[in-house]
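Numbering (my numbering), first residue to last: -14 to 429.
Each residue gets a CB set at the ideal place from its N, CA and C atoms; glycine is no exception.
Since we're looking at a predicted model, the values are computed, not measured.
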Amino acid sequence: MVSKRFIRLKEFLPLTKFIRVPPDSYYLTRPKLDKNKYYYFHTDEDGFIFNKINNAYDRDLILIGGSSIENLFVDADKRILKYLEDFLIDLKLDYNIKNAGTSGASLLHITNIILNKIVNKKNPVIFLFIPSNDSSILNLHNTYWNIDKLNSNIIGIENDTIFSKNNKTTSYENVLLSLVNMCRIFSVDLFVFNTIRLKEKSNYKVIDNITEKVCRGNNIVYTDMNRFLQKEANFYDDVHLNAEGSYQLAKLLKFFCAKHLSPTQTSSYKFKNKDEFLSLEIRSILKEGAYNINSFNKSEHFMGVVNNNSINFCFYSNIYSKFNTILVFDKKENTLGLVKKINDTDEKAILHIQSGRLFFIERGIKFFINEIVGLHVNFSDKIERTNYIIESYNENEKLNLSIKIREFYLSASNLLRINFVEHKKSCEVFSSFIINKNKPYSYF
-14 MVSKRFIRLK EFLPLTKFIR VPPDSYYLTR PKLDKNKYYY FHTDEDGFIF
36 NKINNAYDRD LILIGGSSIE NLFVDADKRI LKYLEDFLID LKLDYNIKNA
86 GTSGASLLHI TNIILNKIVN KKNPVIFLFI PSNDSSILNL HNTYWNIDKL
136 NSNIIGIEND TIFSKNNKTT SYENVLLSLV NMCRIFSVDL FVFNTIRLKE
186 KSNYKVIDNI TEKVCRGNNI VYTDMNRFLQ KEANFYDDVH LNAEGSYQLA
236 KLLKFFCAKH LSPTQTSSYK FKNKDEFLSL EIRSILKEGA YNINSFNKSE
286 HFMGVVNNNS INFCFYSNIY SKFNTILVFD KKENTLGLVK KINDTDEKAI
336 LHIQSGRLFF IERGIKFFIN EIVGLHVNFS DKIERTNYII ESYNENEKLN
386 LSIKIREFYL SASNLLRINF VEHKKSCEVF SSFIINKNKP YSYF
């Protein structure tokens, strides 16, 4: 009787909380791994592991690979996923970070996962780490289409095909090329990294060379990340990172993200006329005056009022903690919207909300920032094209700060911290510093 067969989808159960304990046999070859520990993780609706942020943003950044990326037997607060999530918040990159890595996964399994669970998402980004399993699979009968219970792509398969050594690497190259083309067809942003490993094996370099060739030929960014990780201190066995290695990889990915990823952007919100309020749900009409927005419940809806072609008041909104773009008021169009970049020729009022505070930079004839908790900052009258002097006043204390702006973008988390951003990439933060109240300050 022929058994029913089906394609294996390497995944965890969706919407499930797990506690895993390595079997005793696992410790025999991994003496560096702490014994008698429980490892917790939870999954989203796709069966992907996530840390804290789940579906808060418009785009997903999905790490995918084998058990090296699955990163299971590391404390939850010391995993790649956790560190990278924190780093992307620092970079103001709004992505839901997910981990689709699974033990035993090969490139063919990953192709199935991408096709069945990722391509339907809105502009997803994939960081593909070539699994170490592919190196081993090249030694099996029929490579990816083998009868090995762990690695077979088909469950229930019975196969007695005679082993052939011919074209073993061709199977890998064809599967990788299929994956790359599939991502291109479905507009998935794909970045590829080589296999994570401590020690070299004969097939690793072969796989690396093929991967680099395919990526270069298809304009895919390929990165040899492993060369920065190959230290005993980063691994608890030949292919699995420990807590330190997880941190080091996440730190490398932070710099990679700063170079290659752009901030996400929400839809624009508009004022149709000067009497209309920007609000998801209008609850009240604001009166003129100064308000301390930190005293309001941060779950309150965003509200603002246009008066005399300027925005007088705004409350903190989850919109602006979620989407770190530039909020601008266009005087000509009388609209309020979110953009990534302001050109030198634009005459727009720029608003920036961060950490519960509002910052207002008006472009054109006047240059000033108003922060509505009572602190006022004015640009001096002596203005050159790229150099501005800002004077701030707080409780009769005057602070002078010189700032050089190359593309007229200033992001202020508060008036004692200025982040300078140059838009080679809109997410590249070149420097930040805190003003020392007791000294004069210059920054170039």
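Next item on the list: Give the single residue among Pro16, Tyr11, Glu70 whose Cα lies nearest to the Cα of Ala235.
Entry: Position 250 of the sequence shown holds residue 235. The shortest C-alpha separation from Ala235 is found at Glu70.
Checklist line | Closest Cα partner of Asn36 within the set Asp119, Glu55, Gly51 | finding: For the purposes of this step, residue 36 is identified with residue 51 of the sequence shown, where counting begins at 1. Of Asp119, Glu55, Gly51, the residue nearest in Cα terms is Glu55.
Checklist line | Local conformation of Lys236 per DSSP, three classes | finding: Looking up residue 236 in the sequence shown gives position 251. Helix.
Margin query: I need the DSSP call for Arg182, collapsed to helix, strand or coil.
Written below: Counted from its first residue, the sequence shown places residue 182 at position 197. Of the three classes helix, strand and coil, the one that applies to Arg182 here is coil, per DSSP.
Next item on the list: Please go through the same chain and pick out, in chain order, the residues whose beta-carbon is closer than 7 Å to the beta-carbon of Ser117, but skip the five residues on each side of it.
Entry: On the sequence shown, residue 117 is found 132 positions in, with the first residue counted as 1. Cβ neighbours of Ser117 beyond the five flanking positions: Gly51, Ser53, Thr180, Arg182, Val224.
Next item on the list: State the start and end residues of the unbroken alpha helix (DSSP H) segment that holds Ile4.
Entry: Your numbering for residue 4 matches position 19 in the sequence shown. Ile4: not part of any alpha helix (DSSP H); member of the beta strand (DSSP E) spanning 2 to 5, first to last residue.
Next item on the list: Check the C-beta distance from Val160 over to Leu214 and give it rounded, since I have them as a contact under 8 Å.
Entry: Mapped onto the sequence shown, residue 160 falls at position 175. Mapped onto the sequence shown, residue 214 falls at position 229. About 25 Å; that fails the 8 Å criterion.
Note to self: Run through the DSSP bridge pairs and tell me what Asn84 is partnered with.
What the structure shows: Along the sequence shown, read from residue 1 onward, the residue named residue 84 stands at position 99. Residue pairing for Asn84: DSSP places it in a beta bridge opposite Ile34, Leu48.
Notebook entry, point to check: Mind checking Ser172: buried by the 16 CB within 10 Å criterion, or exposed?
Noted result: Reading the sequence shown from its first residue, position 187 is the one you call residue 172. So Ser172 ends up on the exposed side.
Notebook entry, point to check: Do Lys17 and Asp222 have their C-beta atoms within less than 9 Å of each other?
Noted result: Against the sequence shown, residue 17 aligns to sequence position 32. Against the sequence shown, residue 222 aligns to sequence position 237. Contact flag set, yes.
Notebook entry, point to check: Does DSSP put Phe72 in a helix, a strand or coil?
Noted result: Mapped onto the sequence shown, residue 72 falls at position 87. In the three-state reduction of the DSSP assignment, Phe72 falls in the helix class, which pools H, G and I.
Checklist line | Backbone secondary structure at Ile175 - three-state DSSP | finding: As a working note, residue 175 is residue 190 in the sequence shown. Sequence check: residue 175 is Leu here, not Ile. Residue state, collapsed to three classes: strand.
Note to self: When you measure from the CB of Glu55 to every non-hydrogen atom of the ligand HEM, does any distance come out below 8 Å?
What the structure shows: No copy of the ligand HEM appears in this structure; indeed no ligand is present at all.
Next item on the list: Would you kindly report the start and end of the unbroken alpha helix (DSSP H) that includes His225?
Entry: Residue 225 sits at position 240 when you count from the first residue of the sequence shown. Looking at the DSSP string, His225 is not in any alpha helix (DSSP H), and its letter there is neither H nor E.
Notebook entry, point to check: Among residues of its own chain, excluding the 5 on either side of Val59, which ones have a beta-carbon nearer than 6 Å to its beta-carbon?
Noted result: Within the sequence shown, numbered from 1, the residue matching residue 59 stands at position 74. Cβ within range, chain order: Ala228, Ser231.
Check: Counting pairs of Cβ atoms below 8 Å between the segment 184 to 201 and the segment 10 to 26, do you hit three or more?
Finding: With contact defined as three or more Cβ pairs closer than 8 Å, the segment 184 to 201 and the segment 10 to 26 are not in contact.
Check: For Leu164, which of Met210, Leu113, Leu238 has the nearest alpha-carbon?
Finding: Here residue 164 is taken as the residue at index 179 of the sequence shown, counted from 1. Checking every option, the nearest Cα to that of Leu164 belongs to Leu113.
Notebook entry, point to check: Anyone know if the C-beta pair for Lys244 and Leu73 falls short of 9 Å?
Noted result: On the sequence shown, residue 244 is found 259 positions in, with the first residue counted as 1. On the sequence shown, residue 73 is found 88 positions in, with the first residue counted as 1. Not a contact, by the Cβ cut-off of 9 Å.
Check: What's the gap between the Cα of Tyr42 and the Cα of Tyr80?
Finding: Translated into positions along the sequence shown, residue 42 becomes position 57. Translated into positions along the sequence shown, residue 80 becomes position 95. Taking the straight line from one Cα to the other gives about 6 Å.
Check: Name the DSSP bridge partner or partners of Tyr27?
Finding: As a first step, residue 27 must be located in the sequence shown, where it is residue number 42. Inspection of the sequence shows that residue 27 is occupied by His rather than by Tyr. Answer by DSSP bridge pairing, in chain order: Lys2, Phe35.
Next item on the list: List the endpoints of the continuous alpha helix (DSSP H) containing Val110.
Entry: Here residue 110 refers to the residue found at position 125 of the sequence shown. Following the DSSP letters along the chain, one finds Val110 in no alpha helix (DSSP H) but inside the beta strand (DSSP E) bounded by residues 110 to 114.
Margin query: So, with DSSP's three-state summary, where would you put Phe58?
Written below: Taking the sequence shown and counting its residues from 1, one reaches residue 58 at position 73. Correct three-state label for Phe58: coil.
Item checked: Anticipated Cβ contact below 8 Å, Ala85 with Phe33, distance rounded -> Sequence index remark: in the sequence shown, residue 85 carries index 100 (1-based). Sequence index remark: in the sequence shown, residue 33 carries index 48 (1-based). Their Cβ separation, rounded to whole angstroms, is 5 Å, which keeps Ala85 and Phe33 in contact under 8 Å.
Note to self: Less than 7 Å between C-beta atoms, sequence neighbours within five positions excluded: which residues of the same chain meet that for Glu197?
What the structure shows: Stepping through the sequence shown from its first residue, residue 197 is reached at position 212. Around Glu197: Tyr207.
Next item on the list: Rounded to whole angstroms, what's the CA-CA distance from Lys(-5) to Ile99? Just pull it up for me.
Entry: The sequence position of residue -5 within the sequence shown is 10, counting from 1. The sequence position of residue 99 within the sequence shown is 114, counting from 1. Cα-Cα distance, rounded: 11 Å.
Check: For Ile99, which of helix, strand or coil comes out of DSSP?
Finding: As a working mapping, residue 99 is identified with position 114 in the sequence shown. Reduced to three states, the DSSP call for Ile99 is helix.
Note to self: Distance check for Lys184 and Lys67, CA to CA, integer angstroms please.
What the structure shows: Along the sequence shown, one-based indexing puts residue 67 at 82. Along the sequence shown, one-based indexing puts residue 184 at 199. When the Cα atoms are used, Lys67 and Lys184 turn out to be separated by approximately 26 Å.
Check: Can you tell which of Lys107, Leu175, Tyr24 has its C-alpha closest to the C-alpha of Thr96?
Finding: Residue 96 sits at position 111 when you count from the first residue of the sequence shown. Ranked by Cα distance from Thr96, the options Lys107, Leu175, Tyr24 are led by Leu175.
Margin query: At the level of alpha carbons, what is the spacing between Lys107 and Asn40?
Written below: The residue given as residue 107 occupies position 122 in the sequence shown. The residue given as residue 40 occupies position 55 in the sequence shown. The straight-line gap from Cα to Cα measures roughly 12 Å.
Notebook entry, point to check: Among Leu162, Phe241, Arg212, which has the Cα closest to the Cα of Gly202?
Noted result: Numbered from 1 along the sequence shown, position 217 holds the residue referred to as residue 202. Nearest to Gly202 by C-alpha distance, out of Leu162, Phe241, Arg212, is Leu162.
Next item on the list: State the CB to CB distance for the pair Val110 and Ile47, rounded to an integer number of angstroms; the pair is presumed to be in contact (CB under 8 Å).
Entry: Translated into positions along the sequence shown, residue 110 becomes position 125. Translated into positions along the sequence shown, residue 47 becomes position 62. That belief holds up - the Cβ atoms of Val110 and Ile47 are roughly 7 Å apart, short of 8 Å.
Note to self: What would DSSP say about Tyr373, mapped onto helix, strand or coil?
What the structure shows: By 1-based counting over the sequence shown, the position of residue 373 is 388. Per-residue confidence for Tyr373 stands at a pLDDT of 32, beneath the threshold of 50, marking its modelled position as unreliable; the derived number appears in the next sentence. Looking at Tyr373 - three-state DSSP - the assignment turns out to be strand.
Notebook entry, point to check: In the structure shown, what three-state DSSP assignment does Val104 receive?
Noted result: For this step, residue 104 is matched to residue 119 along the sequence shown. DSSP, reduced to helix, strand and coil, places Val104 outside both helices and strands of the structure shown, so it counts as coil.
Item checked: Residue interval of the alpha helix (DSSP H) (run including Val206) -> Locating residue 206 in the sequence shown gives position 221, where the first residue counts as 1. Note, Val206: premise wrong, no alpha helix (DSSP H); beta strand (DSSP E) at 206 to 208.
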